[in-house]
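Below is one structure, written out as structure tokens; the observations come after it.
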Amino acid sequence: MTPDVTVIIVNYNSGPHLAECLSSLDPGLAGFNWEVVVVDNSSTDKSAAAAEEGESISDSGRRRVRVVRLPTNTGFAAAANLGAQKGAANLLLFINPDCVVSPRFLDPLVDELKTDPRRAAVAPCVCNEDGSPQGNVRGDPTMMTGLFGRSTLLSRLFPSAHLARRNVLLSESQAAASVDWVSGSCVVVKREAFNQIGGFDERYFLYWEDADLCRRLRNAGWSIRFRPDARVVHVGARSSRTVKPLAIRAFHRSAYLYYATHVAPSRWSARRWLAAGLLLARCGLKLLTARTI
1350 MTPDVTVIIV NYNSGPHLAE CLSSLDPGLA GFNWEVVVVD NSSTDKSAAA AEEGESISDS
1410 GRRRVRVVRL PTNTGFAAAA NLGAQKGAAN LLLFINPDCV VSPRFLDPLV DELKTDPRRA
1470 AVAPCVCNED GSPQGNVRGD PTMMTGLFGR STLLSRLFPS AHLARRNVLL SESQAAASVD
1530 WVSGSCVVVK REAFNQIGGF DERYFLYWED ADLCRRLRNA GWSIRFRPDA RVVHVGARSS
1590 RTVKPLAIRA FHRSAYLYYA THVAPSRWSA RRWLAAGLLL ARCGLKLLTA RTI
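Residues in the sequence shown are numbered consecutively from 1350, following my numbering.
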């Protein structure tokens, strides 16, 4: 029987978090027929081996958890696309290995997609370990996002500023809403919509591929939704912390690709040069900080 949901987890050195994520799926996806595809990006720890030990056969005889080991680290977008290809369901749940889902968290997300046939994707409220919202719902990036993004100094100093609130929605509201884009840390996407736009853009090695995906979905006439009553705990950055300078460079390289594609597509645009300057300065500061920790 075709599963209702294919869970796609891209793994890279996530340690014990992957096993914890997999353990949370039984109560989190209760009532659904589901399968998991773990795509391992050439991890050097034992996280993929632990997932393989947990591979199981469902009551229908289908292998519920499958691990696909890659010989090299292909990046998130390419690995996520491969996971989607390996799965069979019409709903794709992309989730980071350091996430733990709440019991029956999938119910409101699926209901949200059923309400309108042009809804392509829906995300829950992704929370920190203390229960506070992590800010997985965002406004479309602009020239000022580099200064007022989720983790920038200005957003921390002036959290109530319009630019900070526009870039990151920290909502305690229980009302569902249409949004510009949602983090790929946990999101359900219709396969029809995902396939229509060609999945994730594999030019993005790490970061920003989710903003690009949502923007292309909206450009194709689909909508992106947020359901804050569904909850997921995300520890965050467990894989990237193992290669912090590489992750920082990848973040800013992907940010520039996004700006060059969607914000300032003209090669000689002053906006593109300004974006490049802001991102280069921010990357240098982050790398300097990373080396002193």
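The beta carbon of each residue, even a glycine, is placed where N, CA and C say it ideally should be.
The region 1542-1549 / the region 1598-1615 touching (three or more Cβ pairs under 8 Å): no
Touch test, the region 1446-1456 against the region 1375-1389, Cβ-Cβ under 8 Å, three pairs minimum: yes
According to DSSP, residues forming a beta bridge with Ala1472: In the sequence shown, counting from the first residue as 1, residue 1472 sits at position 123. Partner(s): Phe1575.
Terminal residues of the beta strand (DSSP E) in which Arg1415 lies: As a position in the sequence shown, residue 1415 is number 66, starting the count at 1. First-last of the beta strand (DSSP E) with Arg1415: 1414-1418.
Residue burial classification, Gln1483 (beta-carbon count within 10 angstroms, cutoff 16): Within the sequence shown, residue 1483 is the residue found at index 134, counting from 1. Buried, because 16 or more other Cβ atoms sit within 10 Å of the Cβ of Gln1483.
Cβ distance (whole Å) where Ala1609 is taken to contact Ala1542 below 8 Å: For the purposes of this step, residue 1609 is taken as the residue at position 260 of the sequence shown. For the purposes of this step, residue 1542 is taken as the residue at position 193 of the sequence shown. That pair is no contact at about 24 Å.
Between the CA atoms of Val1356 and Gln1434 - distance to the nearest angstrom: The count along the sequence shown starts at 1 and reaches residue 1434 at position 85. The count along the sequence shown starts at 1 and reaches residue 1356 at position 7. Answer to the nearest angstrom: the Cα atoms are 12 Å apart.
Ranges of the beta strand (DSSP E) found wholly within the region 1435-1491, counting only runs of at least 3: 1440-1444, 1448-1450, 1468-1476
Asp1389, DSSP secondary structure in three states: As a position in the sequence shown, residue 1389 is number 40, starting the count at 1. Three-state result, Asp1389: strand.
Beta-carbon separation (whole angstroms), Ala1438 vs Val1354, contact threshold 8 Å: Numbered from its first residue, the sequence shown carries residue 1438 at position 89. Numbered from its first residue, the sequence shown carries residue 1354 at position 5. Confirmed, about 5 Å.
Beta carbon of Val1388 nearer than 7 Å to that of Gly1432: As a working mapping, residue 1388 is identified with position 39 in the sequence shown. As a working mapping, residue 1432 is identified with position 83 in the sequence shown. Closer than 7 Å, so yes.
Top-ranked residue by Cα proximity to Asn1430, from Val1386, Ser1572, Leu1367: As a first step, residue 1430 must be located in the sequence shown, where it is residue number 81. Nearest of Val1386, Ser1572, Leu1367 to Asn1430, Cα basis: Val1386.
Short Cβ contact (7 Å threshold) for Ile1444 with Ile1573: Along the sequence shown, one-based indexing puts residue 1444 at 95. Along the sequence shown, one-based indexing puts residue 1573 at 224. No, the Cβ-Cβ distance between Ile1444 and Ile1573 is not below 7 Å.
Val1612 versus Phe1425, Arg1565, Ser1532, Thr1464, residue with shortest Cα-Cα distance: For this step, residue 1612 is matched to residue 263 along the sequence shown. Val1612 has its Cα closest to that of Arg1565, out of Phe1425, Arg1565, Ser1532, Thr1464.
Contact set for Leu1478: own chain, Cβ-Cβ below 7 Å, skip 5 residues either direction: Sequence index remark: in the sequence shown, residue 1478 carries index 129 (1-based). Here residue 1478 is Glu; the residue named in the question, Leu, does not match the sequence. Here the set comprises Val1582, Val1584.
Residue burial classification, Pro1420 (beta-carbon count within 10 angstroms, cutoff 16): Working through the sequence shown from its first residue, we reach residue 1420 at position 71. Answer is exposed; the Cβ neighbour count stays below 16.
Rounded C-alpha distance that separates Tyr1556 from Val1486: The residue given as residue 1556 occupies position 207 in the sequence shown. The residue given as residue 1486 occupies position 137 in the sequence shown. Between Tyr1556 and Val1486, the C-alpha separation is close to 15 Å.
Beta-bridge pairing of Ile1358 - partner residues as DSSP gives them: Taking the first residue of the sequence shown as 1, we reach residue 1358 at position 9. The partner list for Ile1358 (beta bridge, DSSP) reads Val1387.
Separation of Pro1446 from Glu1401, as counted between CA atoms: Here residue 1401 is taken as the residue at index 52 of the sequence shown, counted from 1. Here residue 1446 is taken as the residue at index 97 of the sequence shown, counted from 1. When rounded, the distance between both Cα atoms is 14 Å.
Those residues which DSSP pairs with Ala1428 across a bridge: Against the sequence shown, residue 1428 aligns to sequence position 79. BP columns for Ala1428 are empty, so no partner.
Bridge-paired residues (DSSP) for Glu1584: Stepping through the sequence shown from its first residue, residue 1584 is reached at position 235. A small correction: the amino acid at residue 1584 is Val; Glu does not occupy that position in the sequence shown. BP columns for Val1584 are empty, so no partner.
Nonlocal neighbours in the same chain, by C-beta distance under 6 Å from Gly1533, ignoring five residues either side: Within the sequence shown, residue 1533 is the residue found at index 184, counting from 1. Answer for Gly1533: Phe1443, Asp1559, listed in chain order.
Alpha carbon of His1366 to alpha carbon of Cys1535, nearest angstrom: By 1-based counting over the sequence shown, the position of residue 1366 is 17. By 1-based counting over the sequence shown, the position of residue 1535 is 186. Their Cα atoms are separated by approximately 15 Å.
Span separating the alpha-carbon of Glu1369 from that of Pro1473: By one-based count along the sequence shown, residue 1369 stands at place 20. By one-based count along the sequence shown, residue 1473 stands at place 124. Computed Cα separation, rounded: 19 Å.
Cβ-Cβ separation, Val1537 to Leu1440 (assumed contact under 8 Å), whole Å: Working through the sequence shown from its first residue, we reach residue 1440 at position 91. Working through the sequence shown from its first residue, we reach residue 1537 at position 188. Confirmed, Cβ separation roughly 6 Å.
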